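Novice: Here's a structure for you.
Protein chains in written order, with the numbering used here: chain A, 1 to 295; chain B, 296 to 476.
So this is what it looks like as structure tokens:
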């Protein structure tokens with residue numbers, strides 16, 4: 001080996017040798033090397049590596065729960081409060097919007113059902129047919145319900161209607177407008193029923209002819225009413241005729257007003273309807289001709 | 296007498312090719328372990344780290360024993376492995392020193408104290424200021440007493456690069472030492 005740098009090279013060599021001589025390696029070097037070169041099957045080596053790795057992962061993973069447990073033991077943990085808030089879904093029990101979520105869910109479900117029903121042609125046809133059938137069935141059974149509504153046990157409004165002679169009063173039941181299928185007065189509600197109640201009572205003191213003629217008119221009107229109701233069952237309750245109202249605003253002298261044009265009292269007297277009006281198409285009790293011919 | 300890392304050819308040749316890895320490790324450990332630790336200590340300036348570097352080099356050699364076609368190159372493999380691992384340690388140390396806060400200086404051990412005392416010498420100080428490749432080339436040249444071809448093999452560079460690194464390192468040392476003296 002040549003010495004290209006003369007004196008400096010020799011200085012460097014001496015200095016490096018002096019530093020290196022101070023280094024005394026430990027005696028367990030060979031043992032460490034053998035430990036490192038120990039042959040292990042791959043599976044065992046993998047298991048060994050995982051066994052040494054797993055405790056570290058567990059320690060790191062359980063550090064947070066452990067600290068939380070320590071805080072809980074000290075009574076400084078906020079975990080129960082956070083859990084309670086999480087379980088409540090961050091909606092306070094007294095919140096005014098607490099009902100909104102189930103209502104929206106129900107509305108969404110309803111919209112989905114309707115949309116699916118309308119989207120499928122066969123289903124839509126089936127639903128339409130069944131709806132029409134039920135409509136006709138309801139119109140046929142409206143008389144029964146009207147009868148029941150005509151009684152005092154129903155929610156109808158009863159009042160005393162003075163007769164034309166003024167000697168007494170008769171009991172008149174005004175069925176609640178829009179209550180069930182009784183919004184259209186049926187024949188049974190306008191005719192006398194065996195159990196009385198709000199049945200049609202001829203006025204006292206009226207002439208038979210006059211009474212018969214008037215009754216015939218009313219019956220005709222009622223029949224026309226029934227036919228109209230069976231045709232258009234879905235009319236609004238406020239527009240349906242109620243010939244039993246005593247405070248009719250029909251013009252005097254026209255006791256047989258057309259059933260298709262009921263007069264709505266603006267005063268709202270009578271049974272309150274959803275629209276706040278009372279439906280009347282009966283002649284006024286003060287009408288002398290009709291003589292308190294109340295249906 | 297300066298201890299060299301160049302083992303006589305007869306020593307390497309005494310290891311038969313069919314020697315198994317454990318026996319080769321044992322033989323090379325008894326012959327060259329101390330010198331390799333010295334070399335690593337000069338490069339990494341830490342005895343414990345130097346020992347770890349050399350032990351890792353032995354383990355790597357044990358794992359690569361079947362791929363070593365020539366058993367005579369085991370020592371060269373060990374030297375190269377030591378140099379490469381020392382570079383890795385130095386790079387890691389640079390990163391750690393850059394990012395980690397500086398710890399309070401603790402009391403050094405006797406060995407570390409002696410090394411620190413010797414490193415106060417102007418030559419070692421000037422050597423520490425050199426770039427890494429130049430320092431490696433000078434250590435391998437003047438401590439391990441390797442030829443240019445061996446240095447080129449260990450450092451993984453060409454012989455011309457070895458000459459260049461050596462010349463530049465000596466020039467820098469000369470400048471520093473002439474300025475001091």
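Just so it is clear, CB atoms sit at the ideal spot from N, CA and C, and this is done for glycine as well. These numbers come from a predicted model, not from an experiment.
Of the residues B/339, B/466, B/439, B/464, which one's Cα is nearest the Cα of residue 386 of chain B?
Specialist: When each option's Cα is compared against that of residue 386 of chain B, the closest is B/339.
Novice: What span of residues does the alpha helix (DSSP H) with residue 429 of chain B cover, start to end?
Specialist: Its alpha helix (DSSP H) spans residues 427-437.
Novice: Give me the Cα-Cα distance between residue 28 of chain A and residue 347 of chain B, rounded to the nearest whole angstrom.
Specialist: When rounded, the distance between both Cα atoms is 11 Å.
Novice: In the DSSP assignment, find the alpha helix (DSSP H) that holds residue 37 of chain A and state where it starts and stops.
Specialist: Where residue 37 of chain A is concerned, there is no enclosing alpha helix (DSSP H), given that its DSSP letter is neither H nor E.
Novice: Roughly how many whole angstroms lie between the Cα atoms of residue 116 of chain A and residue 59 of chain A?
Specialist: C-alpha separation (whole angstroms): 54 Å.
Novice: Would you be able to state if there are at least three C-beta pairs under 8 Å between the region 45-58 of chain A and the region 350-358 of chain B?
Specialist: No contact exists between the region 350-358 of chain B and the region 45-58 of chain A.
Novice: Jot down the residue ranges of each uninterrupted beta strand (DSSP E) in the region 322-386 of chain B, minimum 3 residues, whole runs only, in chain order.
Specialist: Listed in chain order, nothing qualifies, since the region 322-386 of chain B has no complete beta strand (DSSP E) run of 3 or more residues.
Novice: For residue 335 of chain B, does the count of other Cβ atoms within 10 angstroms reach 16, so buried, or fall short, so exposed?
Specialist: It is buried - the Cβ of residue 335 of chain B has at least 16 other Cβ atoms within 10 Å.
Novice: Are residue 25 of chain A and residue 324 of chain B closer than 8 Å when you measure CB to CB?
Specialist: Going by C-beta atoms, residue 25 of chain A is not nearer than 8 Å to residue 324 of chain B.
Novice: Quick check on DSSP: helix, strand or coil for residue 190 of chain A?
Specialist: Unreliable positioning characterises residue 190 of chain A in this predicted model, as indicated by a pLDDT of 43, which lies under 50. A coordinate reading is not provided.
Novice: Note down, one range per segment and in chain order, each alpha helix (DSSP H) of at least 4 residues found wholly within the region 59-120 of chain A.
Specialist: Counting whole runs of 4 or more residues, the region 59-120 of chain A contains the alpha helix (DSSP H) stretches 63-74, 79-87, 100-119.
Novice: Whose Cβ in chain A lies nearer than 7 Å to the Cβ of residue 371 of chain B?
Specialist: Near residue 371 of chain B there are no residues of chain A at all, since even the closest Cβ is about 17 Å away, more than 7 Å.
Novice: For the 8 Å Cβ check, are there 3 or more pairs between the region 454-465 of chain B and the region 377-392 of chain B?
Specialist: These segments do not touch.
Novice: Please list, in chain order, the chain B residues whose beta carbon lies closer than 8 Å to that of residue 26 of chain A.
Specialist: Under the 8 Å cutoff, chain B gives 346.
Novice: State buried or exposed for residue 353 of chain B, treating a residue as buried only when at least 16 other CB atoms are found within 10 Å of its CB.
Specialist: Buried, since its Cβ has 16 or more Cβ neighbours within 10 Å.
Novice: My assumption, with CB atoms under 8 Å, is that residue 464 of chain B sits in contact with residue 432 of chain B. Please give the rounded CB distance.
Specialist: So it is a contact: roughly 6 Å between Cβ atoms.
Novice: With distances taken Cα to Cα, identify the nearest neighbour of residue 31 of chain A among B/320, B/337, B/416.
Specialist: With distances taken between Cα atoms, residue 31 of chain A lies closest to B/320.
Novice: Closer than 7 Å, Cβ to any Cβ of chain A: which residues of the region 324-338 of chain B, in chain order?
Specialist: Listed by position, the residues of the region 324-338 of chain B near chain A (Cβ gap below 7 Å) are 324, 328, 329, 332, 333, 336, 337.
Novice: Listing by chain order, which chain A residues have their CB less than 9 Å from the CB of residue 470 of chain B?
Specialist: What residue 470 of chain B touches in chain A: nothing, since even the nearest Cβ is about 11 Å away.
Novice: Which of helix, strand or coil does DSSP assign to residue 24 of chain A?
Specialist: Looking at residue 24 of chain A - three-state DSSP - the assignment turns out to be coil, as it is neither helix nor strand.
Novice: Using a 10 Å radius around the Cβ and a threshold of 16 neighbouring Cβ atoms, would you call residue 9 of chain A buried or exposed?
Specialist: Buried, since its Cβ has 16 or more Cβ neighbours within 10 Å.
Novice: Taking buried to mean at least 16 other C-beta atoms within 10 Å of its own C-beta, is residue 344 of chain B buried or exposed?
Specialist: Residue 344 of chain B comes out buried.
Novice: Please classify residue 53 of chain A as buried or exposed, where buried requires at least 16 other C-beta atoms within 10 Å of its C-beta.
Specialist: With fewer than 16 Cβ atoms within 10 Å of its Cβ, residue 53 of chain A is classed as exposed.
Novice: Roughly how many angstroms separate the alpha carbons of residue 363 of chain B and residue 372 of chain B, rounded to a whole number?
Specialist: The straight-line gap from Cα to Cα measures roughly 9 Å.
Novice: What are the residues in the region 445-474 of chain B lying within 7 Å of chain A by C-beta distance?
Specialist: Per Cβ criterion, the list reads 465, 468, 469, 472.
Novice: Run through DSSP, which three-state label would residue 315 of chain B get?
Specialist: Residue 315 of chain B falls in the coil class under three-state DSSP.
Novice: Residue 451 of chain B by DSSP, collapsed to three states: which one?
Specialist: DSSP places residue 451 of chain B in coil when its eight states are reduced to three.
Novice: Does the Cβ of residue 391 of chain B have 16 or more other Cβ atoms within 10 Å, making it buried, or fewer, making it exposed?
Specialist: Residue 391 of chain B is exposed by the Cβ-count criterion.
Novice: What are the boundary residues of the alpha helix (DSSP H) that includes residue 422 of chain B?
Specialist: Here the alpha helix (DSSP H) through residue 422 of chain B covers 417-423.
Novice: Using a cut-off of 8 Å between C-beta atoms, extract the partners of residue 350 of chain B located in chain A.
Specialist: The contacting residues are 29, 32, 33, 36.
Novice: Which same chain residues end up closer than 7 Å to residue 351 of chain B when comparing Cβ atoms and leaving out the 5 residues on each side of it in sequence?
Specialist: Cβ within range, chain order: 380.
Novice: By the 10 Å Cβ neighbour count, where 16 or more other Cβ atoms means buried, how is residue 118 of chain A classified, buried or exposed?
Specialist: With fewer than 16 Cβ atoms within 10 Å of its Cβ, residue 118 of chain A is classed as exposed.
Novice: What's the gap between the Cα of residue 135 of chain A and the Cα of residue 128 of chain A?
Specialist: Using only the alpha carbons, I get a separation of about 10 Å.
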